[in-house]
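Remarks on the structure that follows.
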Amino acid sequence: MESPLSILRTENLTKMFGSLIVTNNLNLSIEAEARHAIIGPNGAGKTSLLHQIAGQLRPTSGKIFLKEQEITGFAAERVCRMGLARTFQKNSLFLNLSVVENVRLAVQQKRGNPLNPFTPAENIAKTNERAREVLDQVHLGADIGRLVRELSYGEQRQLEIALALASDPEILLLDEPTSGMSPTETQRMVQLIQELPRQLTIIMIEHDMDVVFSVANRITVLHYGQMLATGSHEEITRNPAVREVYLGVA
Amino acid sequence: MPADSEIVVGVARQNRNELWRVMVPLIIVVALAILPLVAGTYVGGIVTEILVFSILAMSLNLLIGYTGLFSFGHAAFFSLGAYTLILLNTIFGLNAWIGLLAGVMVATVGAVAIGYLCIKVSGVSFFMLTLAFSQMLFSIAVKWRDVTGGSDGVGGLKRPFFFGLDMAAPLHTYYFALLVFLASFWAIKRLVASPLGHSFIGIRENEGRMRALGYPVQSYKLLSFVLGGMMAGLGGTAYAFLNGFVSPDAAHWSLSGEVLIMVILGGMGTLVGPVVGAAVYLLLKNIISTHTDHWMLIVGIIFIACVLLFRDGIYGSLSNLLARKWSRR
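The structure is reproduced here in structure tokens:
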């Protein structure tokens, strides 16, 4: 069933909080370089799934494989170093630091020496240049000196993505990148995601179906922690089970 | 597009800022260097004390101000340094200079052991666990009478000569304290601006995100704890070196509390704050305690007032105020 191109997959993944099952025997396979959206009604277990993959949450049973290596129960920092970076649904930034300092923290972990106790961080050309590059990528190149707490909400969402990109991931998990955004901000975010390099695998949780359809080439529908369907835009919209539980059409 | 004159004014202001940035520290260092020559032994003694406790306060600030680790047992490492120096010198006759190094090393090893166990928990548990470990050292210092002299402490440090200078002379101990203080200040200044310092600040700001960015946060916390313990050990050995004496008070929780007050009073997470805090606290203590036995009461009231008035500490709030004034001009 798994395609040889699968870069990330779960095997009978299950997560229970007491008697509540948030991930139910899930077998998910993500192809390399896919733009894979995970959709489903509130409480379908989307964010919990992301937490388990990225190491914020330990699964109850089942396995997770990243590039065919098992990573079940790995700590977040280890998963990140293996090439998987994520953003958070609720902004999780360093609010009292400047924009460039935020991104530099991610860059120095991957490409610099975060244990250097002596050289002023702002004088290290290599990490600063890379940080600027990433900030240009998310259209924040002009805001490097600003304090993050002074950015608009939409700009903070862009910085969320910059932090993840700065870890040089092969797989990027986006947890509702457009949540809480105005239509203009959403449009800018969609453009930003579309501009990301093709070879980057993106797994995205999203509620806005317009965003899903304009970004994703593959869609998985979750319902009460179970996979209802996986397929292309066409296949998903035609699937009767999906229409019933998600799109609300009988 | 700003007018040319505005740009010129901007440059001038920047130059003036740059000038101040060099001049102010220079003036302070020169003032500290000539102070004992003009102000006499009594004032020199108080400033020596302030310099030594500043080292301890700066080291605690690395934990609570920069890494977000609220330790209430920092006296542990201060006392480890102090006792190591005094005991090695009085029992084994080890040269006090080597004793200084040994003191710092023992404090560092102690910080590795205690830190390894404490960083497993966070928040209030961390606070209580660090307190418990330092109180354990306090009871050892009190109960192991044969070696530590119990609650009387141990004295009789044989101070060495430094290129013919008798290190027992107050003037020489003053300069010794000043040198150790300046070296510590400089080390912390470099550290907090470095990638490692920024990693610590990142953990203080958002631990979960640091993990998601690939940082082994626990190891970084331990590293910060050990660096802080090491510098506290340096403060402790310097303290014992100056006084030639150490008692269990050096390990008591009240000292951990006093240092915490210094850091909060001055402004945690700032370079200069702990020094200001140590100076204000020790000056108040020295001045008020000559007038009344209830000096703690008055210092307490001042502490409460400062915390309510200056939310970022005395130095933190003043520098915020000045920064706002500068940017408005």
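These protein sequences, in sequence, are chains A and B. Residue 257 in our numbering sits at position 240 of the first sequence; the count goes up by one each step and never skips. Residue 148 in our numbering sits at position 167 of the second sequence; the count goes up by one each step and never skips. Just so you know, even glycine gets a beta-carbon here, dropped at the ideal spot from N, CA and C. Values in this document were obtained by computation on a predicted structure and should not be read as measured data.
Pull up the distance between the alpha-carbon of residue 146/A and that of residue 134/A, whole angstroms please. 20 Å
Contact criterion: CB-CB distance below 7 Å. Does residue 193/B meet it with respect to chain A? yes
Selected residue, minimal CA-CA separation from residue 89/A, among 180/A, 100/A, 58/A, 72/A: 72/A
On the three-state DSSP scale, how would you describe residue 59/B? helix
Check residue 80/A in the structure and name its three-state DSSP category. strand
Within the 7 Å Cβ cut-off, does residue 272/B reach chain A? no
For residue 259/B, which residues from the same chain have a beta carbon less than 6 Å from its beta carbon, with the 5 sequence-adjacent residues on both sides left out? 31, 34, 35, 38, 243
Distance, residue 257/B Cα to residue 267/B Cα: 15 Å
Residue from 187/A, 139/A, 83/A whose Cα sits closest to the Cα of residue 45/A: 83/A
Cβ of residue 67/A within 7 Å of Cβ of residue 192/A? yes
Measure from the C-beta of residue 20/A to each C-beta in chain B and report whether the shortest distance is under 7 Å. Residue placement at residue 20/A is flagged as unreliable, the pLDDT there being 49, under the threshold of 50; the coordinate-derived value follows with that caveat. Cβ-Cβ to chain B under 7 Å: no for residue 20/A.
Chain B contact residues for residue 132/A, given Cβ-Cβ distances below 7 Å: 177
Relative to the C-alpha of residue 178/A, which candidate in 200/A, 78/A, 212/A, 91/A has its C-alpha closest? 212/A
Residue 221/A (DSSP reduced to helix, strand or coil): strand
Expressed to the nearest angstrom, what Euclidean distance is found between the alpha-carbon atoms of residue 86/A and residue 50/B? 35 Å
Spatially closest choice to residue 206/A from 227/A, 187/A, 102/A, by CA coordinates: 227/A
Grab the span of the alpha helix (DSSP H) containing residue 109/B for me, first residue to last. 105 to 124
What does residue 183/B touch in chain A if you count any residue whose Cβ is under 7 Å from its own? 111, 122
Please identify, using Cβ separations under 9 Å, the residues of the region 179 to 209 of chain A that lie next to chain B, in order along the chain. 180, 181, 183, 184
Contact set between residue 137/A and chain C, taken where Cβ atoms lie within less than 7 Å: Going by chain labels, chain C is absent from the structure shown, which instead holds the protein chains A and B.
Inter-residue CB distance, residue 128/A and residue 104/A (contact presumed, cutoff 8 Å): Actually they do not touch by this definition, with Cβ atoms about 20 Å apart.
Mind listing the chain A neighbours of residue 187/B? Cutoff is C-beta to C-beta under 9 Å, in chain order. 109, 110, 111, 112
Please confirm whether residue 98/A has its beta-carbon closer than 7 Å to some beta-carbon of chain B. yes
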